[in-house]
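To start, the structure under review is shown below, and the notes come after it.
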Amino acid sequence: MVTAPSCCDMSKPPSPPDKVHSEEFLRLLMRRQLKLSVAYAATFLIALIGMPLLNFYAPALMATRVAGFTLTWLILGVLFFPFVWIISWRFIKRSIALEEDEVNSIKR
Numbered sequence: 024m025v026t027a028p029s030c031c032d033m034s035k036p037p038s039p040p041d042k043v044h045s046e047e048f049l050r051l052l053m054r055r056q057l058k059l060s061v062a063y064a065a066t067f068l069i070a071l072i073g074m075p076l077l078n079f080y081a082p083a084l085m086a087t088r089v090a091g092f093t094l095t096w097l098i099l100g101v102l103f104f105p106f107v108w109i110i111s112w113r114f115i116k117r118s119i120a121l122e123e124d125e126v127n128s129i130k131r
């Protein structure tokens with residue numbers, strides 16, 4: 024009687040461990056990405072909390088007119104969203120670079 028080949032053929036030698044998907048690799052990558060996330064979150068929070076503080080502690084400066092807007096409205100209405108987009112774009116680029124760097128270091 025001939026049997027069909029099994030999907031779990033035990034006669035094959037086990038494949039070498041995949042270092043890219045190992046616990047050590049993932050833990051190191053997650054630690055580096057956490058540091059990156061905290062740094063970019065801190066940058067965003069400084070900008071977010073800095074605006075009310077500037078308005079409270081330097082009202083004359085923030086009331087200065089620039090291009091027809093007060094400095095407060097220029098920052099909030101015109102510059103804040105591009106600032107957030109730039110932070111997001113840089114975070115994504117740096118995160119991808121971290122992943123590629125870790126993979127390349129494993130492959131070496």
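Heads up, the sequence shown is in this note's numbering, so the first residue is 24 and it goes up one at a time. Glycine included, each C-beta is placed from N, C-alpha and C at the ideal position. It should be emphasised that the depicted structure is a prediction, and the values quoted were computed from it without experimental measurement.
Q.
Just to confirm, is the Cβ distance from phenylalanine 114 to tyrosine 80 under 9 Å?
A. In the sequence shown, counting from the first residue as 1, residue 114 sits at position 91. In the sequence shown, counting from the first residue as 1, residue 80 sits at position 57. For the 9 Å CB-CB criterion, phenylalanine 114 and tyrosine 80 do not form a contact.
Q. Straight-line CA distance for methionine 85 to leucine 102?
A. On the sequence shown, residue 85 is found 62 positions in, with the first residue counted as 1. On the sequence shown, residue 102 is found 79 positions in, with the first residue counted as 1. If I take the Cα positions, the gap works out to 14 Å.
Q.
Using the three-state DSSP reduction, which class does arginine 88 fall into: helix, strand or coil?
A. One-based indexing of the sequence shown puts residue 88 at position 65. Residue state, collapsed to three classes: strand.
**Q.** Cβ-based neighbour list, phenylalanine 67, same chain, cut-off 8 Å, excluding 5 preceding and 5 following
**A.** Against the sequence shown, residue 67 aligns to sequence position 44. The residues are Val107, Ile110.
Q | Distance between alanine 90 and leucine 76 (C-alpha atoms, nearest Å) | A | Numbered from its first residue, the sequence shown carries residue 76 at position 53. Numbered from its first residue, the sequence shown carries residue 90 at position 67. Each residue's Cα considered, the two are about 23 Å apart.
Q: Compute the distance between the beta-carbons of arginine 50 and leucine 121, then report whether it is under 9 Å.
A: Here residue 50 refers to the residue found at position 27 of the sequence shown. Here residue 121 refers to the residue found at position 98 of the sequence shown. Contact: no.
Q: Less than 8 Å between the CB atoms is what I'm expecting for arginine 117 and leucine 59, so what's the real figure, rounded?
A: Along the sequence shown, one-based indexing puts residue 117 at 94. Along the sequence shown, one-based indexing puts residue 59 at 36. With 8 Å as the limit, arginine 117 and leucine 59 qualify as a contact, their Cβ atoms being about 6 Å apart.
Q. What does threonine 93 pair with, by DSSP beta-bridge criteria?
A. In the sequence shown, counting from the first residue as 1, residue 93 sits at position 70. The partner list for threonine 93 (beta bridge, DSSP) reads Arg88.
(Q) Please report the distance separating the alpha-carbon of methionine 74 from that of valine 61. (A) Position 51 of the sequence shown, counted from the start, is the residue given in the question as residue 74. Position 38 of the sequence shown, counted from the start, is the residue given in the question as residue 61. Between the alpha carbons of methionine 74 and valine 61 lies a distance of about 20 Å.
Q | Cα-Cα separation, asparagine 78 to threonine 95 | A | Taking the first residue of the sequence shown as 1, we reach residue 78 at position 55. Taking the first residue of the sequence shown as 1, we reach residue 95 at position 72. Looking at the two C-alpha atoms, the distance is approximately 7 Å.
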